[in-house]
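Written out below as structure tokens is the structure these notes cover.
In this note's numbering, the protein residues as written are 163 to 280.
Structure, rendered in structure tokens:
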């Protein structure tokens, strides 16, 4: 449950911007690659939760920048352009970004009130 709550919070940080801007297109392309990499990562039982969190986080960023994007089409287009050698560096890059955001949210958490969560 905590993972899904954090995923919702992380996805809510997505930035709205004009979809026709080259910067936005490149950012979306990078985040779509992260969706793909995190999806692959989530197939490993050891990294399943982290990968799923990444899928939600990065897809939220893409959809936040470009509401109404055909994410399935974007993923298929990017998968067709990725080589096998591209996956590991993308997974590492995306996992590092997700880790930074996760640590930032952890640092913002107030202490739990007495008796809550026990």
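Beta carbons: idealized from backbone N, C-alpha and C, even for Gly. What you are looking at is a predicted structure, and each value in this text was computed from that prediction instead of being measured.
Legend entry - Reference residue 243; option with closest CA among 189, 183, 198, 261: 198
Legend entry - Cα-Cα separation between residue 215 and residue 184, rounded to whole angstroms: 27 Å
Inset, instruction - Give the DSSP-derived three-state secondary structure of residue 271 in the structure shown. - result: Collapsing the DSSP output to three states places residue 271 in coil.
Legend entry - Candidates 186, 203, 187, 194: closest to residue 254 by CA position: 203
Inset, instruction - Mind reading off the beta-carbon distance from residue 186 to residue 227? Whole number of angstroms is fine, and I expect it under 8 Å. - result: 5 Å
Inset, instruction - To the nearest angstrom, report how far apart residue 116 and residue 234 are at their CA atoms. - result: This structure leaves residue 116 out entirely; the chain is present only between 163 and 280.
Inset, instruction - Excluding the 5 residues preceding and the 5 following residue 237 in the sequence, name in chain order all residues of the same chain whose CB lies nearer than 7 Å to its CB. - result: 194, 197, 198
Inset, instruction - Name the two residues that bound the continuous alpha helix (DSSP H) containing residue 143. - result: This structure gives no information on residue 143, because the portion of the chain shown stretches from 163 to 280.
Legend entry - residue 256 beta carbon less than 8 Å from that of residue 218: no
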